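To keep things clear, I will list the structure first and then write my remarks on it.
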Amino acid sequence: MTLIDLGLAVLALSFALGIVRAVRGPSVADRAIAADLCLYAIVGAIALLTLRTTYREFLDVILIATLLGFLATISLGALVGRRDS
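For the sequence shown, numbering that gives the first Met the number 0 assigns the number 0 to the initial residue and increments by one for each residue that follows.
Following this line, the structure appears as structure tokens:
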């Protein structure tokens with residue numbers, strides 16, 4: 000087992016725990032944070048798979064997913080901020 004395999008296993012565990020939190024989360028903020036965790040676990044897994052396979056096209060996928068995740072975080076933050084006030 001290489002370090003990349005170990006990293007993928009840790010990210011898979013992180014993703015699974017994020018899904019559990021997204022389903023069971025008591026508030027919208029908890030679910031939003033769990034969704035961000037899942038997204039960035041997927042981005043990390045794609046990055047590790049890029050290292051393993053040396054397909055440079057995956058770097059574009061990582062960039063786009065990260066930008067969309069950032070925009071989703073900003074949108075969810077605004078939504079949660081409105082509900083709290």
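Idealized CB from N, CA, C, for every residue including glycine.
Note that the structure is a prediction, hence the values are computed from the model and not measured.
Q: Please confirm whether phenylalanine 57 and isoleucine 41 have their CB atoms less than 7 Å apart.
A: In this structure, isoleucine 41 does not lie closer than 7 Å to phenylalanine 57 by Cβ.
Q.
Tell me the rounded alpha-carbon separation between leucine 7 and isoleucine 32.
A. C-alpha separation (whole angstroms): 21 Å.
Q.
Ignoring anything shorter than 4 residues, give me the alpha helix (DSSP H) runs that lie fully in the region 0-81, in order along the chain.
A. Fully contained in the region 0-81 are the following alpha helix (DSSP H) runs of length 4 or more, in chain order: 2-23 and 27-52.
Q) If you draw a straight line from the alpha carbon of arginine 20 to that of arginine 30, how long is it in whole angstroms? A) When rounded, the separation of the alpha-carbon atoms in arginine 20 and arginine 30 is 7 Å.
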